[in-house]
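In my numbering, the protein residues as written are 528 to 953.
Even glycine gets a Cβ: it sits at the ideal position worked out from N, Cα and C.
Below is one structure, written out as structure tokens; the observations come after it.
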Ligand SMILES: [Zn+2]
């Protein structure tokens, strides 16, 4: 992560010394505070938390808010409100975040104390600070901010409340409510900020899609196969895809009517999918143009399960490798390419044999590469559809496939090919 760049940005937004900001940021990052929260905290430390300033706040429409304003007064409707705990300098702080709106636009806010407003309320917020948040103005409600309930409703052309379908969630969303089915869940122990902590992680789904989730304060209602309403959750980015976070402030309620989970994944071009930066569940189609090294009969480290070469693991040195089957196929649809990774089961079905068959073939040929060659002969040049989780990083775009099948050739093309073959022409 480029701390320098973030420090630069913050320092100029706050008008303070860059080195000081950088030091504060590094200090927080060292405690694994996510960068967004670290920036928020540093911003607050340097006066971003509470309106501040002596100037009389200007009364403005939301559309007219800019980061040039110091403190302002707005009359708005509360669209959403999320609650989250962040740690700053060893102290847990509960913050509220969400969106306000008037008829001219929406603006996000962070409140450093509980002002008592709820989604749907019409309020006048006096002396709120304005800070830049990812290129947009954001309101900061702190010690010197006042909030007054209005009796006249502020009419807004936006939906009120955080109810969303999974497909509409984006990293950075706060105060969201979803109704989902728990597709899978497991208990995990992590080394959290308070030492060892039990959490739940897994996959949730609705009629629009599936997403990974983490419950930082395990709720007993979250069980595989159960349908639940998760109120006040926030969304983070995990490997480029949105991930739903359930916290101690979330409300989890079992639903009587089961939520149906979609069977299909969104289908898109490889170029668009790679540009999106990562997708939890996506279907990509294209031609296999190459089967990469590290395919076929491979060996894994018995300690860490990573693929190894010549009996040597990068982390564990000389080890007794464990045989496995894997395929890394490059899929190309004209808009882009990605490497589709097929595990043992999918590789076996392409190879037409299991691990023992592969070992036998390698022994007979006295060459383990024959397995990869057979797989390449089967795949290269043909069209396939792969479904799974796409991650995009400095090593490229990789799709970990759950499903991989040949795409039926378009009947018209097939007919034309046949005619051509018969010399009839088309
Ligand atoms: Zn290893």
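Pairing residue 681 with residue 664, the inter-Cα distance amounts to about 21 Å. Around residue 886, the same chain offers 824 and 850 as residues with beta carbons nearer than 8 Å, after the five sequence neighbours per side are excluded.
Checking the 8 Å criterion, the Cβ of residue 849 is out of range of every heavy atom belonging to ligand 1. Contact between residue 627 and residue 636 holds, with the beta-carbon distance rounding to 6 Å and staying under 8 Å.
Here the alpha carbon of residue 553 sits roughly 52 Å from the alpha carbon of residue 883. The beta carbon of residue 903 sits closer than 6 Å to those of 818, all from its chain and outside the five residues before and after it, given in chain order.
Ranked by Cα distance from residue 704, the options 774, 590 and 852 are led by 774.
Two segments are said to touch when three or more pairs of C-beta atoms, one from each, lie closer than 8 Å; by this definition the segment 800 to 816 touches the segment 907 to 918. Residue 595 sits in coil when the DSSP states are folded into three classes, being neither helix nor strand. Residue pairing by DSSP leaves residue 568 without any beta bridge partner. Here DSSP, grouped into helix, strand and coil, assigns residue 539 to helix. Rounded to whole angstroms, the separation of the alpha carbons of residue 921 and residue 684 is 41 Å. For residue 742, same chain residues with a beta-carbon under 7 Å away, outside a window of 5 residues either side, are 726, 727, 749 and 773 in chain order. Set against 8 Å, the gap from the CB of residue 835 to the closest heavy atom of ligand 1 is smaller. The alpha-carbon separation between residue 854 and residue 542 amounts to approximately 53 Å.
A direct Cα-to-Cα measurement between residue 535 and residue 659 gives close to 13 Å. When DSSP assignments are scanned along the segment 896 to 944, the uninterrupted stretches of alpha helix (DSSP H) that are 4 or more residues long and fall wholly within it turn out to be 896 to 906.
In the structure shown, the three-state DSSP call for residue 759 is strand. Note on geometry: alpha-carbon atoms of residue 678 and residue 793 lie some 45 Å from one another. Counting the other CB atoms within 10 Å of its CB gives residue 738 a total of 16 or more, which places it among the buried residues. Per the DSSP secondary-structure output, residue 698 pairs with nothing in a beta bridge.
According to the DSSP assignment, residue 871 belongs to the alpha helix (DSSP H) that extends over 871 to 878. Residue 656 is not a Cβ neighbour of residue 563, given a cutoff of 9 Å. Here residue 680 is not bridged, per DSSP, to any residue. Under the Cβ criterion (8 Å, minimum of three pairs), the segment 892 to 903 counts as touching the segment 858 to 878. For residue 802, the enclosing alpha helix (DSSP H) begins and ends at 797 to 803. In terms of CA proximity to residue 670, 654 leads the group 661, 927 and 654.
Here residue 675 is exposed. Its C-beta has fewer than 16 other C-beta atoms within 10 Å. Within the model, the alpha-carbon separation for residue 556 versus residue 565 is close to 7 Å. Put simply, of 724, 753 and 721 the residue whose alpha carbon is nearest the alpha carbon of residue 730 is 753.
Here DSSP, grouped into helix, strand and coil, assigns residue 890 to helix. Note: residue 811 is bridge-paired with 913 in the DSSP secondary-structure output.
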